[in-house]
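Visitor: One structure coming up, written as structure tokens, with questions to follow.
Protein chains: 2
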Amino acid sequence: MPRAPRHTPTPREGSVTLQDIAAHAGVSRSTVSLVLRESPLVAERTRESVRASIKALGYVYNRGAAALRSSRTHTLGVVVYDIANPFFGAMVAGIDAALHRENYVSFLANSEDSPQRQLRFLERMREHRVDGILLCPAEGTDPALIETLGGWNMPCVQVLRHIGEPPFDYAGTDFEQGVRLAVDHLVAQGHRQIAFIGGEAEHSATLARWRGYFAAIAGHGLAPRHLRTALTRRAGFEAIQSLMREPTPPTAVICHNDLMAFGAMLGLKRLGLTPGIDCAVVGTDDVEEAALSDPPLTSVATHPYAIGEEAARLALRRIADPDGAREQVILSPRLQVRDSSNAADRSQDPATPPQPDARHARPLTNP
Amino acid sequence: MPRAPRHTPTPREGSVTLQDIAAHAGVSRSTVSLVLRESPLVAERTRESVRASIKALGYVYNRGAAALRSSRTHTLGVVVYDIANPFFGAMVAGIDAALHRENYVSFLANSEDSPQRQLRFLERMREHRVDGILLCPAEGTDPALIETLGGWNMPCVQVLRHIGEPPFDYAGTDFEQGVRLAVDHLVAQGHRQIAFIGGEAEHSATLARWRGYFAAIAGHGLAPRHLRTALTRRAGFEAIQSLMREPTPPTAVICHNDLMAFGAMLGLKRLGLTPGIDCAVVGTDDVEEAALSDPPLTSVATHPYAIGEEAARLALRRIADPDGAREQVILSPRLQVRDSSNAADRSQDPATPPQPDARHARPLTNP
DNA sequence: CCTACGATTTGGATCAATCCAAAAATCAAT
DNA sequence: ATTGATTTTTGGATTGATCCAAATCGTAGG
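Chains as they are written, first to last, in the working numbering: chain A, 1 to 367; chain S, 1001 to 1367.
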């Protein structure tokens, strides 16, 4: 189907181009382009007449074409390893919000914790000429990946976990401090036997938690009790049971994440014990379900939404200034105390179901 | 910084183009292009020599440039309204997996249930010339939106909810049948007072549930008891309490989604009642947490991962054949019976925490 | 009236691929 | 060896924007 000749704008079929608008407004292609990019060079009268033509012809900007010449796609690649995890969901929501404000749009990929899948996606992102990458590295990612990306000249901000050597961009939480807060809180409640469960893989986020745990325990002159396990609900369920059968069972446990804490609470019930009374339980993440469990779970809030926003901000900064100093944004966690570690105040009355704080709350509605 | 002349390939700086490879392999640009697109036209020997040059020069395909000429971006836009909801997380994971297999990549946006935000994103997607859209329409979306997209010549598959008039592409679950399954199950358990709570907005997914409820209840010769509420946990918490205070309280409730069901169970406990014994509770979605609640929640499983895969498949089909007949894929829900509706079998022993079926299971690990 | 000078505007080249009609190379049959 | 039919390869045009150096406009100053 032959396109109509250029000088006759064809509003219905085919796409309207800069050329068409230029003809309609009686100016040149270049001028229209300047108007589109809000350049101050264009005279006010011209600007308005061009705008009118744009509206009249129903023009649609072609970012692909623009990107070809300007080598800026206004596009970012985001890689997470488990988008079904609400924690990442919230983080992605934060990223999305921050990018939206800057007229950026993001590709999302779910690596399923497979370095191969992750690499394939990154290569595809390169082919699409994204301006940068937000990477939450899959378990077992080769540390050289960051240099590879550097070699590609691809700005990359790591999120939550990090690999490779220190001068990199990174946004995450201070897990070390988070665990310390938990320990301090439990000690203040009178606990002396405080165990930590979770984490066998040694990525940055796991190591930080261990550091925090051992340091805080030592600081209080207590003996550490640490169990390496997988990071699943079931692992929590099993770990707590084996701990409680030991000669001197712990009176409190801190879990690598909330899921494990849920499992641990279920494990306690299985033994006929009551979480929060017979053994305190503290989780990490403060997912929305933490407020809803029975009993409500004390948890180290790690603010995924805010981390997502920060990471996006960092990425945009790096894109604007590729050679600026690398930056690390480490948010401070906050301890959200609830009944699972608060025997004293434990009331049989779950008054109203506690709501997470407004900033990160999103109504969990379903279709 | 001036580019080196074309005939001297510059592997290090700047990007290698088709031209460079052509020169290196001693063929023309066109031939290289054909090799890249796996065209059968090229002779085997030529193909190999070109492949060698591609490898040698470290060429990176420029999809943007390709898209400009071929008007196919290998790109899709995905709009959901709450990515922090694990239900959508799982759905997006399904979409991602299906697209990955076909070498497609997707933009993701979170509309936050705002039609304005949604529209802005769709416009941006049009500027990026995505090949198609997967849309889970925000609450209150103008039904004309679908025609608008049609006018844009933009293939669009609706997911989970739908708006506009019937000849459209759609992937979702048969909520009507799901609720019917729940009613039948409860009746089989001897219940005669079965209430339904949830849903004040009248989008397709809500209406379908109502239809299923009223039809099934009438089919059993029972009296309906239906409460319109918001779709939050708190709404479930409050609704159940007001229901239980009525002269003839229900012996079972079906909830619009699992979150509300969790709220309802908490509400029952608040009244000193035991969910599953004093009143059966059934949810919808079968999110992973359903297996973990106390008691474990009976729920209508709606398979978000599979829906995502189907939706992606539909979109790719529509892109390949824009004028083919519109298609609706409606998956059948399955009732996942657990203790919250199974008083007879209720054991005090939560044996091992039940795991969701392998197909849709993803370890909920955290960094 | 002419010249500067700043403010606007412009045309041609360019970005990196694909499309397509036509040319060149290869092979088979006469 | 020539013709005809295939099989491969190719150059030039095209896609829709941006870049940039140069052209044009407007007007204030001499």
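Ideal placement from N, C-alpha and C gives every residue a C-beta, glycine not left out.
Kindly identify the DSSP beta-bridge partner or partners of Tyr1170 (chain S).
Guide: Per DSSP, S:Gln1158, S:Gln1328.
Visitor: Select from the region 1092-1111 of chain S all residues with a C-beta closer than 8 Å to any C-beta belonging to chain A, and list them in chain order.
Guide: Cβ contacts with chain A: Val1092, Ala1093, Asp1096, Ala1097, His1100, Asn1103, Val1105, Ser1106, Phe1107, Leu1108, Ala1109, Asn1110.
Visitor: In whole angstroms, what separates the C-alpha of Arg313 (chain A) from that of Ala325 (chain A)?
Guide: Near 15 Å, if we compare the C-alpha coordinates of Ala325 (chain A) and Arg313 (chain A).
Visitor: Identify the residues that DSSP records as bridge partners of Gln1193 (chain S): which are they?
Guide: Bridge partners of Gln1193 (chain S): none, in fact.
Visitor: Suppose the cutoff is 7 Å on Cβ atoms and the five residues either side in sequence are ignored; what does the same chain contact list for Arg1126 (chain S) look like?
Guide: Trp1152, Met1154, listed in sequence order.
Visitor: If you drop the 5 nearest sequence neighbours on each side, which residues of the same chain put their C-beta closer than 8 Å to that of Leu227 (chain A)?
Guide: Ala195, Phe196, Ile197, Gly198, Ala239, Ser242, Leu243, listed in sequence order.
Visitor: Name the residues in the region 287-310 of chain A whose C-beta lies less than 7 Å from a C-beta of chain S; which are they?
Guide: Cβ contacts with chain S: Glu289, Leu292, Asp294.
Visitor: For the region 120-136 of chain A, which residues have a beta carbon sitting closer than 9 Å to at least one beta carbon of chain S?
Guide: So the list reads Arg120, Phe121, Glu123, Arg124, Met125, Arg126, Glu127, His128, Arg129, Cys136, given in the order they occur along the chain.
Visitor: Under 6 Å Cβ to Cβ from Val16 (chain A), same chain only, skipping five residues before and after it: list those, please.
Guide: Cβ within range, chain order: Leu57, Tyr59.
Visitor: Cβ of Phe175 (chain A) within 8 Å of Cβ of Gly212 (chain A)?
Guide: Result yes, Cβ atoms of Phe175 (chain A) and Gly212 (chain A) sit closer than 8 Å.
Visitor: To which residues does DSSP link Ala1252 (chain S) through a beta bridge?
Guide: Paired residues: S:Ile1194, S:Ala1280.
Visitor: Thinking just about the alpha-carbon of each residue, which of S:Ala1320, S:Pro1322, S:Arg1129, S:Ala1261 is nearest to the one in Ala1066 (chain S)?
Guide: Of the listed residues, the one whose Cα sits closest to Ala1066 (chain S) is S:Arg1129.
Visitor: Please work out which residues of its chain come closer than 6 Å, Cβ to Cβ, to Val1032 (chain S), disregarding the five sequence neighbours upstream and downstream, and give them in chain order.
Guide: Here the set comprises Leu1018, Ile1021, Ala1022, Val1050.
Visitor: Can you tell me whether DSSP reads Ser53 (chain A) as helix, strand or coil?
Guide: Here Ser53 (chain A) sits in helix by DSSP.
Visitor: What did DSSP end up calling Leu18 (chain A) once you bin it into helix, strand or coil?
Guide: In the structure shown, Leu18 (chain A) sits in a helix (DSSP, three-state: H, G or I).
Visitor: Assign Arg1037 (chain S) to one of two classes, buried (16 or more other C-beta atoms within 10 Å of its C-beta) or exposed (fewer than that).
Guide: Arg1037 (chain S) is exposed by the Cβ-count criterion.
Visitor: Need the endpoints of the beta strand (DSSP E) that Ile1133 (chain S) sits in, please.
Guide: Ile1133 (chain S) -> beta strand (DSSP E) spans 1132-1135.
Visitor: Cβ closer than 7 Å: which chain S residues qualify as neighbours of Tyr61 (chain A)?
Guide: Near Tyr61 (chain A) (Cβ distances below 7 Å), the residues of chain S are Glu1127.
Visitor: Of all the CB atoms in chain S, is at least one closer than 8 Å to the CB of Ile21 (chain A)?
Guide: Answer no: the Cβ-Cβ gap between Ile21 (chain A) and chain S never drops below 8 Å.
Visitor: List the residues that DSSP assigns as beta-bridge partners of Asp1285 (chain S).
Guide: Answer is S:Ala1301.
Visitor: Quick one: what does DSSP say His360 (chain A) is sitting in, helix, strand or coil?
Guide: Any reading at His360 (chain A) must be qualified, since the residue scores a pLDDT of 37, below 50, and its modelled position is unreliable; no value is offered.
Visitor: Could you tell me the distance, in whole angstroms, from the CA atom of Phe1168 (chain S) to the CA atom of Ala1144 (chain S)?
Guide: Approximately 13 Å between the Cα atoms of the pair.
Visitor: Against chain S, does Arg245 (chain A) count as a neighbour if the rule is that its beta carbon must be under 8 Å from one of theirs?
Guide: With 8 Å as the cut-off, Arg245 (chain A) does not count as an interface residue toward chain S.
Visitor: Okay, do the region 172-190 of chain A and the region 99-116 of chain A touch, 3+ Cβ pairs below 8 Å being the bar?
Guide: Because the criterion of three Cβ pairs below 8 Å is not met, the region 172-190 of chain A and the region 99-116 of chain A do not touch.
Visitor: Return the chain-ordered list of same chain residues with a C-beta closer than 7 Å to the C-beta of Val27 (chain A), the five sequence neighbours on each side being excluded.
Guide: Answer for Val27 (chain A): Thr46, Val50, listed in chain order.
Visitor: Per the DSSP calculation, Arg1225 (chain S) is bridged to which residue(s)?
Guide: Answer by DSSP bridge pairing, in chain order: S:Ala1195.
Visitor: Does the CB of Ile1240 (chain S) have a neighbour CB from chain A at under 8 Å?
Guide: No, its Cβ sits nowhere closer than 8 Å to a Cβ of chain A.
Visitor: Checking contacts by CB at 8 Å: is Ala84 (chain A) closer than that to chain S?
Guide: At least one chain S Cβ lies under 8 Å of Ala84 (chain A).
Visitor: Less than 8 Å between CB atoms is the rule here; does Thr17 (chain A) satisfy it with respect to chain S?
Guide: Answer no: the Cβ-Cβ gap between Thr17 (chain A) and chain S never drops below 8 Å.
Visitor: Quick check on Ser1039 (chain S): buried or exposed, where buried means 16 or more other Cβ atoms within 10 Å of its Cβ?
Guide: Exposed is the call here.
Visitor: Does any residue of chain A bring its CB to less than 8 Å from the CB of Gly1089 (chain S)?
Guide: Yes, Gly1089 (chain S) counts as interfacial toward chain A.
Visitor: Kindly say whether Pro1009 (chain S), judged by its beta-carbon, lies nearer than 8 Å to any beta-carbon of chain A.
Guide: Residue confidence is low: Pro1009 (chain S) scores 35 on pLDDT, short of 50, so the model does not pin down where it sits. Its coordinate-derived value is still stated next. Judged by the 8 Å Cβ criterion, Pro1009 (chain S) is not in contact with chain A.
Visitor: Cα-Cα, which of S:Glu1327, S:Leu1222, S:Glu1246, S:Asp1339 is closest to Gly1283 (chain S)?
Guide: It is S:Asp1339 whose Cα lies nearest to the Cα of Gly1283 (chain S).
Visitor: Answer yes or no: does any C-beta atom of chain A fall closer than 8 Å to that of Gly1064 (chain S)?
Guide: Yes, its Cβ sits closer than 8 Å to a Cβ of chain A.
Visitor: So with CB distances below 9 Å, who are the chain A contacts of Phe1392 (chain S)?
Guide: The requested residue 1392 (chain S) is not part of the displayed model; chain S covers only 1001 to 1367.
Visitor: Are there 16 or more other CB atoms within 10 angstroms of the CB of Thr1302 (chain S), so buried, or fewer, so exposed?
Guide: Thr1302 (chain S) should be labelled buried.
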